[in-house]
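Right, one structure below, let's go through it.
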Amino acid sequence: MINPIEIESFSQKISVQRVLGKVVGSKQFPTVIALGGIHGNERAGVNALLKVFETIRSEKISLKGNFYGISGNINAISQNIRFQNVDLNRIWTKEQLLKLYLEEDDLDEESKEQKEIYHIIKNILETEKGPFYFLDLHTTSADTQPFITISDSLNNRKYSANFSIPTILGIEEYLDGPLLTYINEFGHIALGFEAGQHDKEVSVDNCVAFLWLALVAAKCVRKKDVVKYRFYKHSLSMFNETQDFYKIDFKYTIKPFEEFKMIEGYKNFQEIQKNELLAYSNNQELLAKFDGKIFMPLYQKKGDDGYFIISRLSRFWLTISRFLRKLHMHNILKLLPGVTSQKKKPHTLIVNPKTAKFLATEIFHLFGYRKKVLKKGKLYFIKRDRKVSEFI
Ligand SMILES: [Zn+2]
C-alpha cells in the first residue's frame, strides 16, 4: 500500500490515504464510489470528500446505501502535480491492466497507484450491492463554472439530468484511457464532475454540493436527511450556462515538443467565432475552425489537450436518440453495406471508411456509438449503452 500523506490543502492540514472514507448504509444499496485527486494538482475533490465524511459522522446522518471515497494519485497529490510519469487518468485500458499483473515488481509510480485503485474498485464491485454509481472529481486550469462529463449512455444521461449544470457528452471519443470510460464498459453509471479552477476555494464547496446532490439522486441518502439540500442545489445552479447537453465538435491536440500558448483570459463555455485567434503553436496562429463555445482551454504546462470547441445539442436530437436506442434501432446499422459486427464483441461495429464517410459520424452518435479507432484500415465504433457485466 502507498503510505498515507499529510498535506496542507486549501489552508487545511489533511491526511490523504487510499480510502478516504467508507459508510455502510442501512439497506446497503445502492453503492456510490467517489474519487478525488486522480490528477494530483486537483485537490479540491479530496478536501470535499473528507468534509462530507466528517459531516456524515458529526451530524450522525444515516445513509440508505453505501458510500466510498477513494483518493487518486497520492504521490502526485503530495507534490501538487498532475502526475509524475504518466497521466493516471489516461491508462485505463485492458492492455495496461494486464501489464500490472505481468510486470509486478517493476512498476512506475502511476502504475502502483493504478493497481491499488483497481483492486479496491474490483473488491467493492464484487462484495457490495448495486446499482453502482461512480463519481470522479476534477478541477480545471482555466476558470470555469461547474460541469459534468459523461460517456453517452442513456443511464449516464438520466443520472446527469438530476443536476442543474451543463453536461458534455462523448468526451471519451477524444481521450485515451480515462478511468470512467473503463468503468462504463461494464455498464455502471459514471459521471465526471469538474468543480472549478484548481486553486479556488469555491471548487471545494462545489464538490461538496455535488456530492450531496449525487448521493440524494442515487437514493443513497434521503433528501430530508440533507439539511442544506436546497442550498447545495441553488449554489450549483446559479451560473450562466443552464442544464444543457453539449457535444464536442473539435479538439486541438498538442504534439510532442510543440510550444503551445493559449491566448490569456478564455473562460470555459465562452462564445467564440470562426477564425478567432485562440492560441499559438510554435509562434504560428491557431484560429477557431468554426463558431461555438471554447471548452477546457489549457493554461498549465502538463497535458496535451489544448482546447475543445463544443456546441449545444438540441432537445430534438436528445429525444430522437433516446427513442432509437430504447427501441434497439441500432441493429439497422448492422444491415448497411460496409458495416459488420463480431459475435465476440457485440458492442462494436466495424465500418468501412468509405461507408463512414457516407454515413457521417453523427449517425453513429445518434444510435449511441462512440470512439472511432482506425485499425488495419477499418473504423471501430463502440456502443456506450450496455448491460452490467463482470468487472475484469
Ligand atoms: Zn482532472
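Under our numbering, the residue at position 178 of the sequence shown is numbered 174, and the numbers go up by one with no gaps. Cβ coordinates follow ideal geometry from the N, Cα and C atoms, glycine included. Note that the structure is predicted; figures quoted are calculated from it, not measured.
Residue pairing by DSSP puts Asp301 in a beta bridge opposite Thr249.
Taking one beta carbon from each stretch, the stretch 172 to 188 and the stretch 81 to 89 have 3 or more pairs nearer than 8 Å; the two touch. In the structure shown, Arg366 adopts extended strand secondary structure according to DSSP, grouped into three states. Under the three-state reduction of DSSP, Asn152 is assigned to helix. Between Thr238 and Pro142, the gap from beta carbon to beta carbon reaches 9 Å or more. Excluding sequence positions up to five before and after Arg78, its CB lies within less than 7 Å of the CB of His35, Gly36, Asn37, Ala72, Lys298 and Gly299, all in the same chain and listed in chain order. Assignment of Asn180 by DSSP, reduced to helix, strand and coil, places it in the helix class. Annotation for Phe241: Thr163, Leu165, Leu309 and Leu314 place their beta carbon closer than 7 Å to its own, counting only its chain and skipping 5 residues before and after.
The secondary-structure analysis by DSSP pairs Asp221 with nothing; it has no beta-bridge partner. Leu362 is not a Cβ neighbour of Leu332, given a cutoff of 9 Å.
In this structure, Ile66 has its beta carbon at no less than 8 Å from each heavy atom of ligand 1. The residues Asn71, Ala72, Glu105 and Glu106, in chain order, have a CB closer than 7 Å to that of Gln80 in the same chain once the five nearest residues on each side in sequence are set aside. Shown here for Ile250: same chain residues with a beta carbon closer than 6 Å to its own, the five before and five after excluded, namely Phe256, Asp300 and Gly302 in chain order.
Checking the 8 Å criterion, the Cβ of Ile34 is within range of a heavy atom belonging to ligand 1. Within the stretch 41 to 87, the runs of alpha helix (DSSP H) at least 4 residues long that lie entirely inside it are, in chain order, 70 to 75. The C-beta distance from Ile346 to Thr336 rounds to 5 Å, short enough to meet the 8 Å contact threshold.
Note on Met258: 16 or more other CB atoms within 10 angstroms of its CB, so buried under the neighbour-count rule. A straight-line Cα-Cα distance of about 6 Å links Lys219 and Val212. Per DSSP, the beta-bridge partners of His134 are Glu190. Rounded to whole angstroms, Tyr276 and Tyr262 show a C-alpha spacing of 14 Å.
Here the alpha carbons of Ile359 and Asn271 stand approximately 27 Å from one another. Ligand 1 approaches Thr136 closely enough that one of its heavy atoms is under 8 Å from the residue's Cβ. DSSP places Ser277 in the uninterrupted beta strand (DSSP E) bounded by Leu273 to Ser277. Of the candidates Asp245, Ile179, Thr51 and Gln24, the residue whose Cα lies closest to the Cα of Val384 is Ile179. The way I'd put it, the stretch 106 to 115 does touch the stretch -3 to 12; three or more beta-carbon pairs between them come closer than 8 Å. Beyond the five residues adjoining it in sequence on each side, Arg318 comes within less than 7 Å, by CB distance, of Leu150 in the same chain, given in chain order. Taking 3 residues as the minimum length, the beta strand (DSSP E) runs contained wholly in the stretch 306 to 364 are 335 to 337 and 344 to 347, in order along the chain.
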